[in-house]
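In order, the protein sequence lines correspond to chains A and B. In this text, residue positions in the first sequence follow this note's numbering: the first is 1, and each later residue adds one. In this text, residue positions in the second sequence follow this note's numbering: the first is 1, and each later residue adds one. Heads up, the beta-carbon is just placed ideally off N, CA and C, and yes, glycines get one too.
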Amino acid sequence: MDDIFGIPAPLLFGQLLLGLINGAFYAMLSLGLAVIFGLLNIVNLAHGAQFMMGAFAAWMLLAWGGIGYWWALLLAPIIVAVTGVILEKLFISRLYKLDHLYGLLLTFGLALIIEGIFRNEFGSSGLPYRIPPELSGAWDLGFMFLPIYRGWVVIAALVLCLATWLIIEKTRLGAYLRAATENAALVQAFGVNVPRMVTLTYGFGVALAAAAGVLAAPIYSVNPQMGSNLIIVVFAVVVIGGMGSILGSILTGFTLGVVEGLTKVFWPEASATVIFVIMAIVLVARPAGLFGRA
Amino acid sequence: MADTTASITAGTLSAAEKDAAGIWGFSRAQLIALGIMVTFLVVSPFVLYPVFLMKLLCFALFACAFNLLIGYVGLLSFGHAAYFGMGGYLAGHAAKVWGLTPELAIIVGGATAAGLGAVAGWIAIRRQGIYFAMITLALAQMVYFFCVQAPFTGGEDGIQAIPRGNLFGLIPLDRDITMYWMVAAVFLGGFLLIHRIIHSPYGQVLKSIRENQPRAVSLGYRTDDYKLLAFILSATLAGVAGATKSLVFGIATLTDVHWSMSGEVVLMTLVGGLGTVFGPVIGAGIIVAMQNYLAEMGAWVTVIQGIIFVICVMAFRRGVVGEVAALLKVKL
Numbered sequence: 001m002d003d004i005f006g007i008p009a010p011l012l013f014g015q016l017l018l019g020l021i022n023g024a025f026y027a028m029l030s031l032g033l034a035v036i037f038g039l040l041n042i043v044n045l046a047h048g049a050q051f052m053m054g055a056f057a058a059w060m061l062l063a064w065g066g067i068g069y070w071w072a073l074l075l076a077p078i079i080v081a082v083t084g085v086i087l088e089k090l091f092i093s094r095l096y097k098l099d100h101l102y103g104l105l106l107t108f109g110l111a112l113i114i115e116g117i118f119r120n121e122f123g124s125s126g127l128p129y130r131i132p133p134e135l136s137g138a139w140d141l142g143f144m145f146l147p148i149y150r151g152w153v154v155i156a157a158l159v160l161c162l163a164t165w166l167i168i169e170k171t172r173l174g175a176y177l178r179a180a181t182e183n184a185a186l187v188q189a190f191g192v193n194v195p196r197m198v199t200l201t202y203g204f205g206v207a208l209a210a211a212a213g214v215l216a217a218p219i220y221s222v223n224p225q226m227g228s229n230l231i232i233v234v235f236a237v238v239v240i241g242g243m244g245s246i247l248g249s250i251l252t253g254f255t256l257g258v259v260e261g262l263t264k265v266f267w268p269e270a271s272a273t274v275i276f277v278i279m280a281i282v283l284v285a286r287p288a289g290l291f292g293r294a
Numbered sequence: 001m002a003d004t005t006a007s008i009t010a011g012t013l014s015a016a017e018k019d020a021a022g023i024w025g026f027s028r029a030q031l032i033a034l035g036i037m038v039t040f041l042v043v044s045p046f047v048l049y050p051v052f053l054m055k056l057l058c059f060a061l062f063a064c065a066f067n068l069l070i071g072y073v074g075l076l077s078f079g080h081a082a083y084f085g086m087g088g089y090l091a092g093h094a095a096k097v098w099g100l101t102p103e104l105a106i107i108v109g110g111a112t113a114a115g116l117g118a119v120a121g122w123i124a125i126r127r128q129g130i131y132f133a134m135i136t137l138a139l140a141q142m143v144y145f146f147c148v149q150a151p152f153t154g155g156e157d158g159i160q161a162i163p164r165g166n167l168f169g170l171i172p173l174d175r176d177i178t179m180y181w182m183v184a185a186v187f188l189g190g191f192l193l194i195h196r197i198i199h200s201p202y203g204q205v206l207k208s209i210r211e212n213q214p215r216a217v218s219l220g221y222r223t224d225d226y227k228l229l230a231f232i233l234s235a236t237l238a239g240v241a242g243a244t245k246s247l248v249f250g251i252a253t254l255t256d257v258h259w260s261m262s263g264e265v266v267l268m269t270l271v272g273g274l275g276t277v278f279g280p281v282i283g284a285g286i287i288v289a290m291q292n293y294l295a296e297m298g299a300w301v302t303v304i305q306g307i308i309f310v311i312c313v314m315a316f317r318r319g320v321v322g323e324v325a326a327l328l329k330v331k332l
């Protein structure tokens, strides 16, 4: 067996792949946070809970409705996005004129409610979600075995992230969105329904989180706490990348996932904290974040 | 030029506060409230269960420390559990392994939290607003993972069987009522200290930073230094609260460093009233009592806490004490 830096190659590549998968989730979640923050100016603390809802929606569709993975990948984000739109209409939209901190506190409260309800219904132990038959099995790449589903998660996340980037940077809708981020009042004066755009943007960010949740369902067990632990790391990722740039958050997400994976190989005890340490270093050296505007 | 403007502004600020300035910076209304609170402190152990009261007082001090940041500097720390929990761990370790007396163990806890707060604050004050909240949350999560792995914390088991010891090496604290008087003294000391800080010239500068940081900068104040000191003070008192709690219950666990604890202290302060002197105390009382009476409801407690959060943010932003103060047209 080949060794790289004294580490067996399968272990190294295995952790690298795990890192890429975690990075895919970091990228999708921080992208959603950045899109929501850009237009709504709130940090969506319910993002982790909505990620978890995506996974549960997929599980419920299968267990209660017999609807499989591929439809769930489409339907679950829509369902969760609809709940997000309702929350935005009922609560969040009433806070735009207040200090941003209230938006943070509100979404934290919403996250507690959502998580608590799911914990009451489903308990704290995880529910299994089987990998769809088309994607089960593994490819032998010569230097390692690549479980097909894991490769699929990385590719699907990349495609979703790049599609988001294309929509925001290259379409007319995205142009409205960027304009409204700069100056909402002016865009409204041109006849664009900004409040509706804000609502739909929130729904879109939530849908991204839920899609990440569906992708995560077969990898992690589906449980009510799966979002809250992840989202704190994603906050650190967002601080590191800065929320100014779409491509920046995608790149930061994947990179930090890989860094975390490599740390697991070389210094396992530090793997849980490495992203936070990087955050501290970045803040000291470049407070606005790697891609942020000061 | 900058100095004259600074002193003028400082002058007007204190003039505005002059009606409020009575004895020790307490207004008449606040003196009455303080009298009620002290009476409650003295009478309640004969009526209510002392252990419950001690828990309440520890959380009340924790919430007051947190309120010093959010209420008077406008900084929302979402990671205060780190200082509370680490204060508890180190105090427990000091009392159990080093065999220190309780007052020294509490000092060790507070000093640990101060050191931690100095580092975290130094990093976090580089950003403001929501970024500040996210950074403090992330740093606190780092502390949490440290506590999961570090050998002295005992991982999932925590530090157990922490002795209460003898106060000053003389007075045994094994009886709950004796322990209660010490906890009450710690709480009252911390409460008065925070009140003194808020009503000092330093506290006035903090408020000016809360209201308009660029202007405070242009007046020549090094706002970062002021904010950092406020952060350290707040972390220290949170550590003292955590240290006291671990001595009361004889246990220090991961619960106290978990992010949900950071959320709880935000909730206590929000319910009681952000930026009011007595609000955090009332808020802590409400939330601790609620957890006590609803304990058998399990995970529903989280849901109820979430609902209270939403209600407070949507319709009740002044909190209980803030609403009462507005009703009576006084500052509390």
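Under the DSSP assignment, D140(A) falls outside any alpha helix (DSSP H), being part of the beta strand (DSSP E) whose first and last residues are 138-140. Between G126(A) and the set V222(A), L283(A), G38(A), the nearest pair of CA atoms involves V222(A). Between A280(A) and V154(A), the CB-CB gap reaches or exceeds 8 Å.
Against G248(A), chain B offers no close residue; the least beta-carbon distance is about 15 Å (beta-carbon pairs closer than 9 Å). The beta-carbon of Y226(B) is placed no less than 8 Å from the nearest beta-carbon of chain A. Distance between R150(A) and P218(A), taken at the CA atoms: about 10 Å. Per the DSSP secondary-structure output, L146(A) pairs in a beta bridge with W139(A). By the neighbour-count definition (other C-beta atoms within 10 Å, threshold 16), A105(B) is a buried residue.
Per DSSP, W59(A) is one residue of the alpha helix (DSSP H) stretching across 47-65.
Selection E103(B), L57(B), G129(B), L139(B) evaluated against L116(B) yields L139(B) as nearest (Cα-Cα). Taken through DSSP and simplified to helix, strand or coil, L17(A) comes out as helix. Take the alpha-carbon of A60(B) and the one of M261(B): they are about 13 Å apart. Chain A places no beta carbon closer than 8 Å to that of Q30(B), leaving this residue out of the contacts. Around the beta carbon of S136(A), a 10 Å sphere encloses fewer than 16 other beta carbons of the protein chains shown; the residue is thus reported as exposed.
The alpha-carbon separation between I117(A) and W300(B) amounts to approximately 7 Å.
Secondary structure at P128(A): coil, using DSSP grouped into helix, strand and coil. Interface annotation for the segment 312-332 of chain B against chain A: C312, V313, M314, R317, criterion Cβ-Cβ distance under 9 Å. Residue contact with chain B for L29(A): absent (no Cβ-Cβ distance below 8 Å to any residue of chain B).
The beta carbon of F187(B) lies closer than 7 Å to those of L57, A60, L61 in the same chain, with the five residues before and after it left out. Within its own chain, the residues whose Cβ lies closer than 8 Å to the Cβ of L283(A), once the five positions on either side in sequence are excluded, are V239, listed in chain order. At a cut-off of 8 Å between C-beta atoms, M279(A) counts as an interface residue with respect to chain B. Taken atom to atom, the span from the alpha-carbon of L12(A) to that of F152(B) is near 31 Å. Neighbourhood of M134(B) in chain A, by CB distance below 8 Å: V43, F235, A236, V238, V239, in chain order. Beyond the five residues adjoining it in sequence on each side, G74(B) comes within less than 6 Å, by CB distance, of R210 in the same chain, given in chain order. Using a CB distance cut-off of 8 Å, T153(B) does not count as an interface residue toward chain A. Contacts between A138(B) and chain A, judged by CB atoms closer than 7 Å, involve I232, F235, A236, V239, F276, M279 in chain order. Against chain A, a Cβ distance below 8 Å from Y131(B) picks out V239. Counting along the chain, no alpha helix (DSSP H) covers D157(B), and no H or E run does either. Pairwise C-beta distances place the segment 225-240 of chain B in contact with the segment 108-122 of chain B, as three or more of them are shorter than 8 Å. Counted as a single uninterrupted DSSP element, the alpha helix (DSSP H) harbouring Y102(A) occupies residues 100-122.
Per DSSP, T269(B) is one residue of the alpha helix (DSSP H) stretching across 259-272. Apart from the 5 residues on each side of it in sequence, I232(B) sits with its Cβ closer than 7 Å to the Cβ of A114, G117, A118, G121 in its chain, given in chain order.
DSSP lists L127(A) as the bridge partner or partners of V222(A). Residues of the same chain with a CB within less than 8 Å of the CB of E115(A), apart from the 5 flanking positions on each side, are A49, M52, P224, Q225, G227, S228 in chain order. With contacts defined as CB atoms closer than 8 Å, V187(A) and Y202(A) fail to qualify as a contacting pair. DSSP, read as helix, strand or coil, puts N292(B) in helix.
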